[in-house]
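Data block below; observations after.
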Amino acid sequence: MHDDRRAQSGLAAAAACVTALLFVVLVVYGIANGASSPCLQTLPGRVIFGALSAMMLAAIGRSILRAVRRRREARSAVAFALPASARLSRIAASVGVKACEIVDSAQSVVMLYGTRSPVVYVSTKALSLLSDEELRAALHHERAHELRGDHRVAP
């Protein structure tokens with residue numbers, strides 16, 4: 048099976064947007080036609096329109112909240128990053144990524160961060176738990192995100 052990196056992120060994003068797009072089309076159609084819309088002439092139509100509007104607003108609000116929270120957590124972790132240890136440097140060089148260490152993290156973290164010059168950040172806890180092969184696999188995983196451009200979509 049061939050891994051088409053260029054198509055994957057685009058197709059995944061398109062698939063994720065289908066439901067939201069349907070909600071938006073229905074809500075915009077209801078707003079554009081106003082109260083004279085045949086859908087809004089009946090009680091079930093008004094209930095469905097209200098439910099779709101509330102669901103759409105809730106989904107947008109949740110997405111924004113999660114993105115802000117994720118960005119804040121990543122920034123605070125990256126603020127305490129140090130240059131990579133000899134082990135991490137050696138493995139990162141063999142994979143072809145830039146890497147740094149997150150010190151004093153209570154969590155095991157391996158993440159790609161940055162839009163212009165992405166860097167893989169690895170917590171000291173992850174380094175202590177992962178073998179060289181597991182770390183190499185994790186770095187390859189993050190490199191795949193970089194090659195697909197995922198860091199540009201969700202920095």
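Sequential numbering from 48 applies to the sequence shown in my numbering. Glycine included, each C-beta is placed from N, C-alpha and C at the ideal position. These numbers come from a predicted model, not from an experiment.
* Please classify Pro130: does DSSP put it in a helix, a strand, or coil? => strand
* Decide if His198 is buried, meaning its Cβ has at least 16 other Cβ atoms within 10 Å, or exposed. => buried
* With which residues is Ser170 paired in a DSSP beta bridge? -> Ile149
* Consult DSSP for Leu159 and reduce its assignment to one of helix, strand or coil. => strand
* Asked: Taking the alpha carbon of Leu194 as the point to measure from, which residue in Val144, Thr66, Leu135 has its own alpha carbon closest?
  -> Val144
* Asked: Can at least three beta-carbon pairs, one atom from the region 134–150 and one from the region 176–193, be found at a separation below 8 Å?
  -> yes
* **Spatial neighbours of Val125 in its chain, beta-carbon cut-off 7 Å, leaving aside the 5 residues before and after** => Tyr160, Tyr168
* Asked: Are the beta-carbon atoms of Ile111 and Ala128 separated by less than 8 Å?
  -> no
* **N- and C-terminal bounds of the alpha helix (DSSP H) containing Gly196** => Where Gly196 is concerned, there is no enclosing alpha helix (DSSP H), given that its DSSP letter is neither H nor E.
* Would you mind working out which of Val65, Gly92, Thr66, Phe96 sits nearest Val75, comparing C-alpha positions? => Phe96
* Apply the 10 Å Cβ neighbour rule to Pro20 and answer buried if 16 or more other Cβ atoms are within range, or exposed otherwise. => An answer regarding residue 20 cannot be provided, because it is not within the stretch 48 to 202 covered by the chain.
* **Buried or exposed (CB count within 10 angstroms, at least 16 for buried), Val115** => exposed
* To do: Look up Thr66 in the DSSP assignment and say whether it is helix, strand or coil.
  => helix
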